[in-house]
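Here is the structure we will look at.
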Amino acid sequence: MPATTGDGGMPPKGVSLPEYVYGRLREDIFDMRLLPGDQITETEIAAYFNVSRTPVREALQRLQSDGLMQGYVRGGWEVVPIDFKRFEELYEMRRLIENFAVSKLCAGLAGAGGVDAALIEQQKAIWCVKPSRRVSDGRLVATMDEQFHLALVRASGNQEIASAFERLTDRIRIVRRLDFVYGDCVQSTYEEHAAILLEISAHDADAAVRLMTTHIEDGHVDVTQITLHRLHSARQSNGAQRLPYVQVKVMRQA
Numbered sequence: 001m002p003a004t005t006g007d008g009g010m011p012p013k014g015v016s017l018p019e020y021v022y023g024r025l026r027e028d029i030f031d032m033r034l035l036p037g038d039q040i041t042e043t044e045i046a047a048y049f050n051v052s053r054t055p056v057r058e059a060l061q062r063l064q065s066d067g068l069m070q071g072y073v074r075g076g077w078e079v080v081p082i083d084f085k086r087f088e089e090l091y092e093m094r095r096l097i098e099n100f101a102v103s104k105l106c107a108g109l110a111g112a113g114g115v116d117a118a119l120i121e122q123q124k125a126i127w128c129v130k131p132s133r134r135v136s137d138g139r140l141v142a143t144m145d146e147q148f149h150l151a152l153v154r155a156s157g158n159q160e161i162a163s164a165f166e167r168l169t170d171r172i173r174i175v176r177r178l179d180f181v182y183g184d185c186v187q188s189t190y191e192e193h194a195a196i197l198l199e200i201s202a203h204d205a206d207a208a209v210r211l212m213t214t215h216i217e218d219g220h221v222d223v224t225q226i227t228l229h230r231l232h233s234a235r236q237s238n239g240a241q242r243l244p245y246v247q248v249k250v251m252r253q254a
């Protein structure tokens, strides 16, 4: 099969077909063009991208490992329904990890050692800036926000916890980025990140933990409300904007 596609576009130079199909499907899920519960087949996706089923299957299996898709029989797949109870549990885990990280950072910077102070300084250069220097693109700030939280956990020095936090970040990305794309949190994110970093630099663990807890809990409330609204709006308008490869209902087998 040639490395060209039909309606699905053409992969950039150096990007493999499985990687390209994976990225396109992932974006369709994140942008809610593919909705929770939508059912698709490998055959329809392969036809849309003008590729064989092999790269499609690889892409879907990777999405399944991300917790975004689940496979059934005869090449049938479904977008995993959003489980708000699961996201609540993931956010609780996120609070535990990040509060541990900022406490350790405060102690480490105060003289206990074992932390990466350079990572903190790098983040301060990004977030502790004048409003005129702030990035306004919500999608870009969403990526920067992820890197901020990952940097704090990595800087705390426990790589096993950092690895677990990276996996957690992957699992909440589908709802978390909605606040940046459809909400109004860019400016508040800058202000809250800067405040957290300043308390860490001042070695005030209690204040840093308090700010981080509020930051995470407020974000959780916002993304839950936005997700529900976006799901409702997407379902209302989905008939006119249906993706070409979402054309079937897959019969599940127990």
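UniProt numbering puts the sequence shown at residues 1 to 254.
For every residue, glycine included, the Cβ atom is placed at its ideal position computed from N, Cα and C.
Alpha carbon of V80 to alpha carbon of I40, nearest angstrom: Sequence index remark: in the sequence shown, residue 80 carries index 80 (1-based). Sequence index remark: in the sequence shown, residue 40 carries index 40 (1-based). Distance between the alpha carbons of V80 and I40 is about 12 Å.
Proximal residues to Y20 (C-beta, below 7 Å), its chain only, five neighbours per side dropped: Locating residue 20 in the sequence shown gives position 20, counting from the first residue. Within the same chain, Y20 has close Cβ partners P11.
Contact under 8 Å by Cβ, I226 with C106: As a first step, residue 226 must be located in the sequence shown, where it is residue number 226. As a first step, residue 106 must be located in the sequence shown, where it is residue number 106. I226 places its beta carbon 8 Å or farther from that of C106.
Which listed residue (L198, E192, H229) has its alpha carbon closest to that of T213: Mapped onto the sequence shown, residue 213 falls at position 213. Taking T213 as reference, the option from L198, E192, H229 with the minimal CA-CA separation is E192.
CB of A101 within 8 Å of CB of L35, strictly: The residue given as residue 101 occupies position 101 in the sequence shown. The residue given as residue 35 occupies position 35 in the sequence shown. In this structure, the beta-carbon distance from A101 to L35 does not fall below 8 Å.
Whole-angstrom distance between L90 and L140, CA atom to CA atom: The count along the sequence shown starts at 1 and reaches residue 140 at position 140. The count along the sequence shown starts at 1 and reaches residue 90 at position 90. L140 and L90 have their alpha carbons spaced roughly 23 Å apart.
Three or more C-beta pairs below 8 Å linking the segment 21-29 and the segment 57-65: Contact between the segment 21-29 and the segment 57-65 is present, because at least three Cβ pairs lie under 8 Å.
Identity of the residues DSSP links to E78 by a beta bridge: Here the question's residue 78 lines up with position 78 in the sequence shown. Bridge partners of E78: Q39, Q70.
Nearest-angstrom beta carbon gap, R94 and L168 [assumed within contact, 8 Å]: Translated into positions along the sequence shown, residue 168 becomes position 168. Translated into positions along the sequence shown, residue 94 becomes position 94. Correct: roughly 6 Å between the Cβ atoms.
Helix, strand or coil at R24 [DSSP, three-state]: Here residue 24 refers to the residue found at position 24 when the sequence shown is read from its first residue. Annotated three-state conformation of R24 is helix, per DSSP.
Contact check, F49 vs V175, beta carbons under 8 Å: Mapped onto the sequence shown, residue 49 falls at position 49. Mapped onto the sequence shown, residue 175 falls at position 175. Not a contact, by the Cβ cut-off of 8 Å.
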